[in-house]
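Engineer:
In this note's numbering, the protein residues as written are 15 to 91.
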């Protein structure tokens, strides 16, 4: 899916995200996201810069580390 939630309201985005979460349960999935809400429940997040992994971990850990991921999250709020 390419930007499945790009042009929908918040309620519709929630419904789509819940359906995707159910489909991905107990499966390995690669998700490329522009909205942090899309990956908030991911087991592991990889942050890429210039083709290299610069950070990896669960959402909360990355937020608390204060790195690029946290910086991005803070600019979106």
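Ideal Cβ positions, reconstructed from N, Cα and C, are used throughout, including at glycine. Note that this is a predicted model, so its numbers are computed, not measured.
#1: With a 10 Å radius around its C-beta and 16 neighbouring C-beta atoms as the bar for buried, classify residue 76 as buried or exposed.
#2: Once the 5 residues before and after residue 84 are set aside, which same chain residues still bring their CB inside 8 Å of it?
#3: Check residue 54 in the structure and name its three-state DSSP category.
#4: Taking the C-alpha atoms as reference points, what is the distance between residue 54 and residue 64?
Structural biologist: With the given structure in hand:
#1: One-based indexing of the chain shown puts residue 76 at position 62. Buried, by the Cβ-count rule.
#2: Walking along the chain shown from the start, residue 84 turns up at place 70. 76, 77 and 78, listed in sequence order.
#3: As a working note, residue 54 is residue 40 in the chain shown. Note: residue 54 maps to coil in three-state DSSP.
#4: Residue 54 sits at position 40 when you count from the first residue of the chain shown. Residue 64 sits at position 50 when you count from the first residue of the chain shown. So the two alpha carbons sit approximately 23 Å from each other.
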